[in-house]
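Here's the structure we're looking at; comments come further down.
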Amino acid sequence: TAQTGTGKTAGFVLPILERLTKLPRARSNHALALILTPTRELAAQIQESIQQYGKHVSLRSTVVFGGVKINPQMIALRAGVEILVATPGRLLDLFQQNAVRFDQIQIVVLDEADRMLDMGFIHDIKRIIAKLPKKRQNLLFSATFSDEIRNLAKGLLQNPVEIDVATRNTTAVMVNQMIHPVDKARKAALLSYLIRENNWHQALVFSRTKHGANKLVKLLAADEIKSLAIHGNKSQAQRTKALSDFKAGKVQILVATDIAARGIDIEELGMVVNFDLPQVAEDYVH
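Using the numbering used here, read the sequence shown as starting at 47 and increasing by one per residue.
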């Protein structure tokens with residue numbers, strides 16, 4: 047187990063890169079390592095990390111997820127890749143179209159496993175696992191370790207070593223926490239006031255629902271505060287652009303549902319606001 051934001055991407059990507067440099071290259075439509083993630087944003091971020099960490103080794107990697115055309119992904123897989131980052135649904139689509147085969151896979155990573163279960167991916171994960179070679183290395187990463195996660199681990203791992211990287215559900219030492227008691231009807235007005243009064247250059251605001259995120263963006267816009275929302279109902283192009291604009295400093299406030307933003311790495315972000323209390327207590331620390 048390791049909390050979101052503890053640097054576990056490097057923890058599994060670097061050893062995978064080292065190991066794969068010693069193996070023969072993947073054949074056409076094959077991969078040697080498979081990394082499964084719950085969201086498109088996290089998949090894209092892991093692919094960026096692979097490219098950054100592996101820029102001095104001749105290993106091929108690609109990322110596949112839904113919400114975008116499948117043909118470019120099929121073409122990217124045609125020559126084979128050493129590392130494939132994927133969301134479960136799109137991976138199964140590609141497998142069913144014979145765009146990717148699993149018989150060369152030697153390493154499987156399930157990242158943010160608890161979030162994948164929360165999002166209902168358990169059946170897809172089990173279908174994927176059933177198609178993989180019996181002999182492989184399995185790595186499972188989770189911010190929490192519920193009974194469901196333990197049951198998944200039992201079916202996936204053999205005599206696993208359990209590593210707990212950080213105390214569960216704690217905030218980082220450098221994080222100052224504040225609470226502002228306020229009536230529900232006045233929350234948006236208070237947020238707008240805090241943004242302007244404290245001159246927040248940028249803030250990430252978590253909303254419990256997609257509708258709530260959209261509504262908050264409109265209310266902030268009425269106060270001339272530039273904000274965008276990311277959630278599951280937005281197209282992949284919209285989500286990618288919103289996140290890119292926020293990272294580039296073009297957008298002051300990014301309003302997100304936890305599912306859309308879980309695990310996203312944004313450097314030097316000064317303020318995070320839980321506009322609603324999360325449905326799951328562990329999500330508060332993100």
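Backbone N, C-alpha and C fix where the C-beta goes; we use that ideal spot for every residue, glycine too.
Problem set entry | residue 301, buried or exposed, once every other Cβ within 10 Å from all chains shown has been counted against 16 | buried
Exercise. So does the stretch 142 to 152 actually touch the stretch 81 to 94, counting three or more Cβ pairs closer than 8 angstroms?
Worked result: Contact between the stretch 142 to 152 and the stretch 81 to 94 is absent, because fewer than three Cβ pairs lie under 8 angstroms.
Problem set entry | Cut-off 7 angstroms between Cβ atoms - residues of its own chain near residue 159, not counting five sequence neighbours on either side | 186, 187, 188, 195 and 198
Problem set entry | residue 208 classed as buried or exposed, judged by whether at least 16 other C-beta atoms fall within 10 angstroms | exposed
Problem set entry | the stretch 108 to 128 in contact with the stretch 272 to 290 per 3-pair CB rule at 8 angstroms | yes
Exercise. Which of the three DSSP states, helix, strand or coil, is assigned to residue 336?
Worked result: Missing from the structure shown is residue 336; the chain here goes from 47 to 332 and no further.
Exercise. Under the three-state reduction of DSSP, which class applies to residue 303: helix, strand or coil?
Worked result: In the structure shown, residue 303 sits in a strand (DSSP, three-state: E or B).
For this session: Tell me whether residue 76 is buried or exposed, calling it buried when 16 or more other Cβ atoms sit within 10 Å of its Cβ.
Result: Counting Cβ neighbours within 10 Å, residue 76 comes out buried, since at least 16 surround it.
For this session: Identify which residue in 71, 299, 226 and 60 has its Cα closest to the Cα of residue 269.
Result: 299
For this session: Using a threshold of 8 angstroms, state whether the C-beta atoms of residue 289 and residue 276 are closer than that.
Result: Result yes, Cβ atoms of residue 289 and residue 276 sit closer than 8 angstroms.
For this session: Tell me whether residue 244 sits in a helix, a strand or coil according to DSSP, three-state version.
Result: Coil at residue 244, not helix or strand.
Exercise. Leaving out five residues before and five after residue 136 in sequence, what residues of the same chain have Cβ atoms less than 6 angstroms from its Cβ?
Worked result: Result list for residue 136: 110, 111 and 112, in chain order.
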